[in-house]
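Read through the structure below, which is laid out as structure tokens, and then see the notes.
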Amino acid sequence: MRKALAELIHARLAPLVAEFVPNPRDFFELQTTPDPAKGDFALNAAMKLAKPARTRPLDLAQKMVAALAAETAWFTKVEAVPPGFINLFLTDEAITRELGRFAEDAEMGLRRDGRPETVVVDYSSVNIAKQMHVGHLRSTIIGDVLARVLSARGDRVIRQNHLGDWGLPMAMVLWKATPLLRDLEAKGLDPARELSLAQLETLYREATRACEAQPEAAAACHDILVRLQNGDAVLLQDWRTITRLSMREVYRLYEELGVLLTQEDEAGESHYRDSLADTVRQIRESGHLVESRGAQCVFLEHFKAKDGSPLPVIVQKSDGGFNYETFDLAAILYRIHALKASRLIYVTDARQALHFAQVFDVAHVCGWTKDPGRPVTLEHVPFGSVLGEDNKPLKTRSGENVKLADLLAEAVERARAVVEEKNPDLPEETKRQVARMVGIGAIKYADLSQNRNNDYVFSFPRMLALQGNTAPYLQYAHARICSIFRKAGLPADGAFGPPRLGHPAERALALKLQELPTAVAAVAAELRPHTLCNYLYELATQFTSFYDQCPVLTCEDPARKQARFFLCRLTQRVLARGLDLLGIDAPREM
RNA sequence: GCGCCUGUAGCUCAGUUUGGAUAGAGCACCAGAUUGCGGAUCUGGUGGCCAGAGGUUCGAGUCCUCUCAGGCGCGCCA
1 MRKALAELIH ARLAPLVAEF VPNPRDFFEL QTTPDPAKGD FALNAAMKLA KPARTRPLDL
61 AQKMVAALAA ETAWFTKVEA VPPGFINLFL TDEAITRELG RFAEDAEMGL RRDGRPETVV
121 VDYSSVNIAK QMHVGHLRST IIGDVLARVL SARGDRVIRQ NHLGDWGLPM AMVLWKATPL
181 LRDLEAKGLD PARELSLAQL ETLYREATRA CEAQPEAAAA CHDILVRLQN GDAVLLQDWR
241 TITRLSMREV YRLYEELGVL LTQEDEAGES HYRDSLADTV RQIRESGHLV ESRGAQCVFL
301 EHFKAKDGSP LPVIVQKSDG GFNYETFDLA AILYRIHALK ASRLIYVTDA RQALHFAQVF
361 DVAHVCGWTK DPGRPVTLEH VPFGSVLGED NKPLKTRSGE NVKLADLLAE AVERARAVVE
421 EKNPDLPEET KRQVARMVGI GAIKYADLSQ NRNNDYVFSF PRMLALQGNT APYLQYAHAR
481 ICSIFRKAGL PADGAFGPPR LGHPAERALA LKLQELPTAV AAVAAELRPH TLCNYLYELA
541 TQFTSFYDQC PVLTCEDPAR KQARFFLCRL TQRVLARGLD LLGIDAPREM
């Protein structure tokens, strides 16, 4: 609807101002009005254009109103009000006509204009031999939504899980694990069966302590790292065993979380092990490589160290090894050239902002982002930390990172208690499923519904609340609509309508439903999922308000009843689609 | 020291990128609706020097400058 309306307005109004501004379209953005008395949409173009057109805002607004007055199929009224707003009042026919089109589109208006883009979304980035903990939660959840949203818009999305699988931590695990693996082999046992991720993590912790205490342990680990990176066959085999064992448990959690990442999306540090030297060579060829204190560096403008001296980006350490800067730079080259991506998105916490600013800057000054014949944009999507009730980073009583598995289990358990209380008559199996959908949904939604810039305080009671902007509230609205159709004995995917508007609540709902594409487009542009959450919450409240005021099943007038079924059905579809874009299940009953 | 982020109702947060009309929600508090098509609801009310000060503008929560407070980061860990 917005698109059609925007086209009409541009066609009618652009000629009035074309001689004053090169790009009139930019000025005709439809705005929502502060209250219905000011119409359904508003334009502020007259105020912005009055100066270049050398006229008074209100005069220009009146000229624009006159140019739109003949469009009686669209508007019941178009008015100019001081200081120069133009208020547009839509006809019911225009709203229902556009609503019908919206409902017929299987894509629900989500497809973007223009050519699809190849987009890499880098998220989750788990470490091998470490269990997933709260620190992985936000990247995994937010990144997954961005991948879903961009994909729904028609872009070609390539997910990338940049595993931490090739650094010193990995060598430390190998140092402790290798004897264990030999031992198991001697007994003819399968390590993948005998060892758990938790055990690997214990080995890693032991190694960390040992390296801190004894220089010879640290030296041994360093030696293993060098041998691994040089391709030692036995170490490589063990490395593979540990990686698979570790990822097996990660995928269990992804599945429980409803995250799309699979083994195909794995491209960890090890993936770039053979291109690191070449990456440094390419930097050298671009003329930006400088040796400093024995390390190969790039010095960038605008980056200063603590003492004010120029801050280098070290791409090869003085011992000849590579660090994470090099891995990220190699990944950029891979994504641009092998994956043919034109938009690279990195979902990591805000503390890495400086790192990515530097890495991106290196890529830019080396000319990599303009070289491949298409412009490449690099975007860091930072987010704040997950805090406990004490406003400090969330930890267990003993100061450990909270395991993701424990967090999910508690959410499901608490959701189960709510289901038990509110709907004790549901069959056991349904209760179990609903508890999962609600518990996991609550965790994800609590994270997504907040502006990602800010830290947020993790609170089960708040995220599981049945009122307010929470997953359970949206899920309930969805389940309630499904129950309407169950009660009516109608298939939820039946054909209803045509739409017809009689009540203000129907009209408001009809307008709100059509805003889905706007909300999704905003997420794609700004990479902020909470915009979609806000929209869905507003839709759900709009629906319950409608449902309160407009009887559906008991409606006497058959045509009106059909029209209300139409609104219910479409609301259910939009809620389900919206939740799906957020990676959250929409239960049919709960 | 430098840089980034944050500061909006008692609490938790939208709104800030692209300046627009009277700054919005939820919780809490107060008052209503109702034997309810899922009350896990709806309607209304109380509550704001948008951290502070200057500036730009017809118009500033939004843009600019400075100050204050909190968080995070800043040479070979990832």
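Its first residue numbered 1, the first sequence is counted upward by one per residue in the numbering used here.
Don't be surprised by glycine CBs; every beta carbon is placed ideally from N, CA and C.
**Item:** Residue range of the unbroken beta strand (DSSP E) whose run includes N601
**Value:** Since the first residue shown for the chain is 1 and the last is 590, residue 601 is missing from the structure and cannot be characterised.
**Asked** Between which two residues does the alpha helix (DSSP H) containing F565 stretch?
**Response** Residue 565 sits at position 565 when you count from the first residue of the first sequence. Looking at the DSSP string, the run of the alpha helix (DSSP H) that includes F565 is P558 to L581.
**Message:** If I follow the unbroken alpha helix (DSSP H) through R284, where does it start and stop?
**Reply:** The residue labelled residue 284 in the question sits at position 284 within the first sequence. Secondary structure note for R284: its alpha helix (DSSP H) is the uninterrupted segment L276 to E285.
**Asked** Taking Cβ to Cβ, would you say S139 is nearer than 7 Å to T348?
**Response** Mapped onto the first sequence, residue 139 falls at position 139. Mapped onto the first sequence, residue 348 falls at position 348. Yes. Within cutoff.
**Prompt:** Hey, would you say the C-beta of F28 is under 6 Å away from at least one heavy atom of the ligand SAH?
**Reply:** For the structure depicted, the ligand SAH is absent and the ligand set is empty, with no information on it obtainable.
**Request:** Would you decide whether E325 is buried or exposed? Buried here means 16 or more other CB atoms lie within 10 Å of its CB.
**Result:** On the first sequence, position 325 is the one that residue 325 refers to. By the Cβ-count criterion, E325 is buried, with 16 or more other Cβ atoms from all chains shown falling within 10 Å of its own Cβ.
**Request:** Consult DSSP for C533 and reduce its assignment to one of helix, strand or coil.
**Result:** Your numbering for residue 533 matches position 533 in the first sequence. C533 sits in a helix when the DSSP states are folded into three classes.
**Request:** Pull up the distance between the alpha-carbon of A592 and that of E256, whole angstroms please.
**Result:** Because the chain here runs from 1 to 590, residue 592 falls outside it and cannot be looked at.
**Item:** Enclosing alpha helix (DSSP H) for F356 [first to last residue]
**Value:** By one-based count along the first sequence, residue 356 stands at place 356. It spans A353 to V365 - the alpha helix (DSSP H) in which F356 sits, taken as one unbroken run.
**Message:** If distances are taken between C-alpha atoms only, which option among N454, A331, C297 and S270 comes closest to A350?
**Reply:** Mapped onto the first sequence, residue 350 falls at position 350. A350 has its Cα closest to that of N454, out of N454, A331, C297 and S270.
**Message:** Using only the alpha-carbon positions, how far apart do G373 and D238 sit?
**Reply:** Position 373 of the first sequence holds residue 373. Position 238 of the first sequence holds residue 238. C-alpha of G373 to C-alpha of D238: approximately 42 Å in a straight line.
**Prompt:** By DSSP, does T118 sit in helix, in strand, or in coil?
**Reply:** What you label residue 118 is simply residue 118 of the first sequence in a count that begins at 1. DSSP places T118 in strand when its eight states are reduced to three.
**Where the alpha helix (DSSP H) through P472 begins and ends** = The residue labelled residue 472 in the question sits at position 472 within the first sequence. A471 to A488 is the span of the alpha helix (DSSP H), which, as asked, contains P472.
**Asked** Between which two residues does the alpha helix (DSSP H) carrying Y251 extend?
**Response** Here residue 251 refers to the residue found at position 251 when the first sequence is read from its first residue. Per DSSP, Y251 is one residue of the alpha helix (DSSP H) stretching across A233 to L257.
**Prompt:** With 16 other CB atoms within 10 Å as the buried threshold, where does Q450 fall?
**Reply:** Locating residue 450 in the first sequence gives position 450, where the first residue counts as 1. Counting Cβ neighbours within 10 Å, Q450 comes out buried, since at least 16 surround it.
**Asked** If you follow the beta strand (DSSP E) that A80 is part of, which residue opens it and which one closes it?
**Response** The residue you call residue 80 lines up with position 80 of the first sequence. From DSSP, the beta strand (DSSP E) with A80 extends over F75 to V81.
**Message:** In the DSSP assignment, the beta strand (DSSP E) including D291 goes from what residue to what residue?
**Reply:** Position 291 of the first sequence, counting from 1, holds the residue named residue 291. First, the amino acid is wrong: residue 291 is Glu here, not Asp. Counting along the chain, the beta strand (DSSP E) containing E291 begins and ends at L289 to S292.
**Rounded straight-line distance, which links the Cα of P52 to that of F20** = Counting from one through the first sequence, the residue named residue 20 turns up at place 20. Counting from one through the first sequence, the residue named residue 52 turns up at place 52. Straight across, the Cα-Cα distance linking F20 with P52 is about 6 Å.
**Prompt:** Where does A176 sit, in a helix, a strand or coil, going by DSSP?
**Reply:** Within the first sequence, numbered from 1, the residue matching residue 176 stands at position 176. Here residue 176 turns out to be Lys, not Ala, going by the sequence shown. Taken through DSSP and simplified to helix, strand or coil, K176 comes out as helix.
**Item:** Sequence-distant residues of its chain with Cβ nearer than 6 Å to R297 (five each side left out)
**Value:** Taking the first sequence and counting its residues from 1, one reaches residue 297 at position 297. For the sequence presented, residue 297 should be read as Cys rather than Arg. Within the same chain, C297 has close Cβ partners V290, P312 and I314.
**Message:** Can you tell me whether T32 is helix, strand or coil according to DSSP?
**Reply:** Taking the first sequence and counting its residues from 1, the one referred to as residue 32 is at position 32. In this structure, T32 counts as strand in the three-state DSSP scheme.
**Message:** Tell me whether the segment 555-570 and the segment 231-247 touch, counting them as touching only if at least three CB pairs, one residue from each stretch, are closer than 8 Å.
**Reply:** In this structure the segment 555-570 does not lie against the segment 231-247, because fewer than three pairs of beta carbons, one per stretch, are closer than 8 Å.
**Prompt:** Hey, P34 and A46: beta-carbon distance below 7 Å or not?
**Reply:** Numbered from 1 along the first sequence, position 34 holds the residue referred to as residue 34. Numbered from 1 along the first sequence, position 46 holds the residue referred to as residue 46. It is not a contact, given that the beta carbons lie outside the stated cut-off.
**Beta-carbon spacing of M590, V418 below 7 Å** = On the first sequence, residue 590 is found 590 positions in, with the first residue counted as 1. On the first sequence, residue 418 is found 418 positions in, with the first residue counted as 1. For M590 and V418, no; Cβs fall outside 7 Å.
**Request:** Pull up the DSSP beta-bridge partners for V381, would you.
**Result:** Residue mapping note: residue 381 aligns to position 381 of the first sequence, counting from 1. According to DSSP, which records beta bridges pairwise, V381 is partnered with V347.
**Request:** In angstroms with no decimal places, state the Cα-to-Cα distance between E249 and G294.
**Result:** Locating residue 249 in the first sequence gives position 249, where the first residue counts as 1. Locating residue 294 in the first sequence gives position 294, where the first residue counts as 1. If you take the alpha carbons of E249 and G294, they lie about 41 Å apart.
**Message:** In whole angstroms, give me the CA-to-CA distance for R507 and P461.
**Reply:** Numbered from 1 along the first sequence, position 507 holds the residue referred to as residue 507. Numbered from 1 along the first sequence, position 461 holds the residue referred to as residue 461. Approximately 35 Å, taken between the alpha carbons.
**Asked** At what residues does the beta strand (DSSP E) containing F303 begin and finish?
**Response** In the first sequence, residue 303 corresponds to position 303, counting from 1. Residues A295 to K304.
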